[in-house]
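Residue numbers (mature numbering (1 follows the signal peptide of the UniProt record, and there is no 0)): -34 to -1, 1 to 106.
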């Protein structure tokens, strides 16, 4: 069983509904409304860490339900750095977020943020996140 899930159907339905409700105004919008943010964050199943390629939970998310390491840059164009996340794992479960330091070839991934579930942040672009380790205690 893979530790990565694509939430394409749910996120496309959410975005389509938001676009219809806004008369198509979602195209080119720079910020989601509080309602849209809440809806997208709620689209993350309990027990998952969900990542979005755009701020305000925009784009097609991926979800993790097992302890794993994920290099965001390997997921495809437009993903790195990470833009928003919902840590909806079991209460108290940590996820560790890392930036990429090209000047440190021995340890290029450097911890920049530690999230304890539950926590959702609609904009983490300022942290320059390039990788995440879900439930690091479970990987030891």
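Every residue, glycine too, gets a C-beta built ideally from N, C-alpha and C.
Just so it is clear, the structure is predicted and the values come from calculations on it, not from any experiment.
Item                                                                                                                                 : Value
To the nearest angstrom, how far is it from the Cα of residue -25 to the Cα of residue 54?                                           : With a pLDDT of 34 at residue -25, under the threshold of 50, the predicted position of this residue should be treated as unreliable, though the coordinate-derived value follows. Residue -25 and residue 54: Cα-Cα distance of roughly 16 Å.
For the beta strand (DSSP E) holding residue 100, just list the boundary residues, first then last.                                  : 97 to 100
Between the alpha carbons of residue -12 and residue 25, how many angstroms are there, rounded?                                      : Bear in mind that the predicted position of residue -12 carries a pLDDT of just 38, short of 50, making it too unreliable to give a figure here.
Reducing DSSP to helix, strand and coil, say where residue 72 ends up.                                                               : coil
Can you check which of these residues, 75, 18, 40, 62, is closest to residue 89 by C-alpha distance?                                 : 18
Just mark residue 82 as buried or exposed, buried being the case when its beta carbon has 16 or more other beta carbons within 10 Å. : exposed
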